[in-house]
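Read through the structure below, which is laid out as structure tokens, and then see the notes.
Protein chains in written order, with UniProt numbering: chain A, 1 to 574; chain B, 1 to 574.
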């Protein structure tokens with residue numbers, strides 16, 4: 001069978017005109033993603049039935065180069081901000097930032113939305129909410145349980161992922177049965193024995209699933225994800241051979257990865273020191289809940305670890321994505337105050353290489369290697385497996401669920417399209433596969449899911465303390481400034497006459513290291529001011545425009561560069 | 001045998017103090033890289049013997065995020081700029097930009113340096129020099145030939161790489177025999193039948209190679225590179241199945257990749273249209289030299305191609321690295337004037353994914369998929385093979401050459417270290433392996449290569465028309481401006497008294513989309529000006545400092561952001 005994804009004949013997906021959303025059939029169910037489709041991150045899907053809303057997940061997206069200076073990108077709440085009182089519940093499928101990170105921002109708008117999730121998911125959320133001084137209404141659920149919220153009758157299924165206690169959710173309404181996979185894979189030998197409930201999905205499939213929303217992340221990857229537990233022996237080998245310090249870096253929420261590290265360290269008689277705020281916090285939560293088993297006396301704090309012989313300790317650290325302020329990055333630059341890498345130390349990056357982070361991660365690897373460390377990463381050793389089902393597993397899921405309609409979620413366009421093709425291969429009719437990027441309205445009416453329109457879904461940027469005031473115009477300016485800097489020209493003119501009353505002040509930042517680079521500008525601006533004065537131009541905006549034009553032309557001709565030209569014309573009392 | 005690269009005990013590589021270079025033993029040979037070691041790009045290695053210099057390669061590095069707005073990064077000529085007359089020749093191993101791109105900048109400093117290289121390499125260089133209005137002194141050589149330049153007796157060897165007509169060079173001086181591989185792999189079934197001359201290397205090894213400089217790019221990759229010719233059948237399959245337009249994107253210098261595309265297109269009775277200035281230019285040169293075989297009547301120009309039925313033409317295009325201004329990127333955004341992607345079109349990215357370009361490349365893939373194209377790339381199909389030897393091939397090279405000393409070149413630290421380990425595994429003594437990043441001086445004296453010191457090697461940036469005026473200070477400003485924009489405050493004060501003679505002008509760019517974001521600043525600055533006036537402060541720099549301080553503190557407290565604060569205090573006549 002050829003499972004290579006190719007273009008399918010699924011429903012047309014080009015932008016639908018952005019008019020007001022069409023009315024929803026009274027017996028129908030509407031699905032709109034406010035984030036997470038057409039991108040990997042900020043997952044948030046809104047279900048509507050009978051005038052009530054159910055939200056699944058509410059995460060953040062970490063910005064890339066096109067959003068410089070931005071800390072986080074939120075789902076766009078605009079489509080529901082006038083309807084917050086209609087939300088019956090917010091369901092969280094699991095505790096990753098791209099699924100829970102934006103919850104505080106939603107709860108600030110309406111603090112009493114019931115938040116439904118598993119024990120570990122809610123524990124991570126509660127810790128996050130404390131930092132935001134929020135006290136959410138938590139509804140704890142577990143696999144096998146049901147929970148009703150307005151017209152939404154929910155059933156939860158165990159799901160295996162790269163964080164414990166993940167859930168899929170079935171949403172029953174009079175419009176039909178919807179299954180949302182959350183993030184999912186089918187590890188058949190999970191470390192905690194908690195399998196993805198394929199049997200439960202089959203039973204639901206027997207009942208009839210009208211719409212299946214399924215994780216697309218690895219739909220392009222053929223085959224099956226290697227079991228998580230195969231990483232343990234690799235770590236065992238690395239720690240066993242090491243004669244000096246070992247640092248294992250991984251995601252701070254990957255409890256099972258950390259568990260394997262702890263077990264290996266314990267076996268070799270070393271101690272473990274957690275490094276990084278989120279690692280310390282999350283592993284504390286996991287240990288308290290009994291999700292992480294910590295052998296007695298295994299953990300030591302940093303001060304104690306630094307006093308111990310180098311072959312007696314393993315640091316388990318954050319920073320696996322090359323985050324510049326992380327402990328690991330500082331070690332790689334030789335700037336970490338306490339932990340100095342020496343020739344012969346071992347660093348394991350037991351983590352994925354998230355697309356877009358390659359330069360940063362390899363920068364850290366090169367820095368560590370330059371200091372003499374032996375760096376073990378997924379490029380050369382099996383120290384990471386994905387948390388998302390590959391194509392082979394997705395086929396199992398489609399065959400178990402046998403959905404009437406499919407909506408690929410959690411992915412960029414290439415992932416969505418590949419997932420759609422897998423659905424088609426298992427027998428789903430192409431016209432019942434809706435590739436619906438953020439904002440596209442999918443209505444399930446009389447058992448048929450179809451694209452019914454589109455709402456505007458923008459990017460909402462968090463920069464420092466404020467949300468939303470940094471928008472496309474600011475980012476566009478940042479991109480120009482970041483590429484070319486600016487040249488500022490300030491002149492004071494006599495109000496009324498437009499006569500310059502001081503020589504122009506010219507300064508550039510981000511333009512040139514040469515102190516003489518702008519020497520020609522003063523006389524050029526003086527000539528232009530003489531011209532504008534001669535023409536009787538007194539309006540400061542027109543004078544500024546004239547200055548911008550001559551300086552802009554000069555810099556383009558002389559340097560072939562496009563700095564921002566910032567003229568300020570200050571009228572002073574005549 | 002365990003060939004997994006691990007930390008070796010090769011010579012210490014930490015920064016050597018940057019004092020004046022130590023004297024070179026009169027009978028010795030000195031090697032210093034001015035670019036290309038510790039990075040992938042701007043390759044340039046200087047050999048010195050008897051007071052004379054030989055330069056091998058002179059390429060550019062394409063900048064990453066840490067050098068915003070920069071077009072190119074050059075090798076740092078500072079170490080030789082006072083010694084240009086001592087250069088006996090510049091040898092170019094092959095025609096890639098990272099080996100020839102900086103030649104015009106060197107020739108502008110001394111136009112009559114003899115430039116030695118193969119036919120195709122020099123043809124590409126000549127085209128480049130014409131654009132720079134330079135008329136270089138070219139010395140054409142071929143494999144098997146020798147060429148003397150001052151004390152440097154050169155011998156050239158055929159080398160297989162991802163561009164035709166590549167050479168390795170042996171450099172004989174009284175100090176010993178050095179072999180520089182250039183970029184190399186060992187395709188045993190090369191498309192043009194021109195094998196890397198392993199037999200020649202063996203003969204040289206019999207004579208005794210004192211120092212071997214070897215390409216490290218793929219030293220971390222186990223095994224062997226797949227033969228280039230295996231791509232042909234994959235392209236054949238793709239073109240054969242396509243019922244509409246096909247676009248094949250690859251590097252504009254990869255003649256053999258293009259050759260395979262042409263042969264496949266010809267077989268299927270379609271025509272070829274080259275798209276992209278460098279593709280048209282280079283393939284013209286290759287065809288003129290007989291390196292590219294173009295069947296009669298195969299090529300059509302763009303106007304003709306657009307008139308033809310969609311199943312009758314294949315576009316061979318640049319843009320495979322997601323370059324935003326390339327034709328392919330414009331197609332992916334739906335902005336190409338002539339070529340509109342339709343559902344069912346096929347796009348093949350027959351190219352590597354250069355680290356750092358992932359976001360751009362997948363942006364193009366997603367754009368094409370969103371428009372309905374079937375995108376074939378190396379993630380899912382064998383449409384690319386590397387041009388650099390994998391670890392297995394490097395072992396063959398070490399075993400053929402049997403060098404006394406080794407200097408890994410062409411790579412980041414992780415690559416250099418892995419290459420060093422391969423040398424060690426073949427029997428090279430670790431203390432004879434010099435990992436010498438840019439600027440590190442390696443002296444070959446009495447058959448022993450050792451690190452003797454270090455010269456300063458900085459980054460030389462080309463931005464627009466000028467070279468070198470953009471430096472670390474400008475880049476640092478650009479990074480700050482790109483992250484946070486700026487807030488400019490302009491005040492006019494009475495010269496002599498420091499009394500404000502106009503209300504402050506406050507404006508931000510790249511700071512906020514909210515027009516009221518800076519409303520509080522005017523009164524804050526007015527209060528501060530009243531304070532400075534009250535304290536009798538008349539110095540405009542001190543007033544500006546005071547303004548910067550209050551506004552900086554306010555923005556940090558209010559927004560938790562760090563825009564650049566740009567105060568301008570304009571003294572006007574009292």
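Glycine included, C-beta positions come from ideal geometry on N, C-alpha and C. Since the structure is predicted, the reported quantities are computational estimates derived from the model, not experimental observations.
In the three-state reduction of the DSSP assignment, residue 331(B) falls in the helix class, which pools H, G and I. Residue-level contact by beta carbon fails for residue 62(B) and chain A, as no gap is shorter than 9 angstroms.
A distance below 6 angstroms between beta-carbons, with the five flanking residues on each side excluded, links residue 155(B) to the following residues of its chain, in chain order: 146, 170.
What residue 155(A) touches in chain B, judged by beta-carbon distance under 7 angstroms, is nothing: the nearest beta carbon there is about 34 angstroms away. Contacts with chain B (Cβ-Cβ distance below 9 angstroms) from the region 215-238 of chain A involve 220, 221, 222, listed in chain order. A distance below 6 angstroms between beta-carbons, with the five flanking residues on each side excluded, links residue 229(A) to the following residues of its chain, in chain order: 189, 191. Residue pairing by DSSP puts residue 146(A) in a beta bridge opposite 155(A). The CB of residue 564(A) comes closer than 8 angstroms to the CB of 509 in chain B, given here in chain order. The alpha-carbon of residue 475(A) is positioned some 52 angstroms away from that of residue 193(B). Note that the C-beta distance between residue 246(B) and residue 314(B) is below 9 angstroms.
Apart from the 5 residues on each side of it in sequence, residue 485(A) sits with its Cβ closer than 7 angstroms to the Cβ of 508, 509, 510, 511, 563 in its chain, given in chain order. Legend: CB atoms of the region 523-554 of chain B lying less than 8 angstroms from CB atoms of chain A are not found in any residue. Proximity of chain B to residue 355(A) at the Cβ level (cut-off 8 angstroms) is accounted for by 358, 359, 362, in chain order. Secondary structure at residue 238(B): helix, using DSSP grouped into helix, strand and coil.
At a cut-off of 9 angstroms between C-beta atoms, residue 512(A) counts as an interface residue with respect to chain B.
For residue 494(A), the enclosing beta strand (DSSP E) covers residues 486-494. Remark: C-beta atoms of residue 214(B) and residue 408(B) approach each other more closely than 9 angstroms. Apart from the 5 residues on each side of it in sequence, residue 117(A) sits with its Cβ closer than 6 angstroms to the Cβ of 92 in its chain, given in chain order.
In terms of CA proximity to residue 153(A), 179(A) leads the group 63(A), 179(A), 360(A), 137(A). Remark: C-beta atoms of residue 445(B) and residue 29(B) approach each other more closely than 9 angstroms. Going by C-alpha positions, residue 149(A) is about 39 angstroms away from residue 560(B). Nearest in C-alpha terms to residue 414(B), of all of 26(A), 326(A), 361(A), is 361(A).
Within 10 angstroms of the beta-carbon of residue 279(A) lie 16 or more other beta-carbons, which makes it buried.
Nearest C-alpha to residue 294(A) among 272(A), 303(A), 281(A): 272(A).
Assignment of beta strand (DSSP E) within the region 447-513 of chain A, counting only whole runs of 3 or more residues, yields 448-454, 460-463, 486-494, 505-509 in chain order. Comparing alpha carbon positions, the residue from 410(B), 26(B), 403(B), 41(B) closest to residue 429(B) is 403(B). Within the model, the alpha-carbon separation for residue 33(B) versus residue 54(B) is close to 12 angstroms.
As the crow flies, the alpha-carbon of residue 477(B) is around 14 angstroms from that of residue 469(B). Contact of residue 486(A) with chain B is assigned, a C-beta pair being separated by under 9 angstroms. Under the DSSP definition of a beta bridge, residue 552(A) lacks any partner. Residues of chain A whose Cβ lies closer than 8 angstroms to the Cβ of residue 571(B) are, in chain order, 502. Under the Cβ criterion of 9 angstroms, residue 69(A) is counted among the residues facing chain B. The C-alpha of residue 67(A) lies about 14 angstroms from the C-alpha of residue 39(A). The continuous stretches of alpha helix (DSSP H) do not include residue 341(A), and DSSP gives it neither H nor E.
Per DSSP, the continuous beta strand (DSSP E) segment holding residue 169(B) begins and ends at 166-173. Per DSSP, residue 357(B) has no beta-bridge partner at all.
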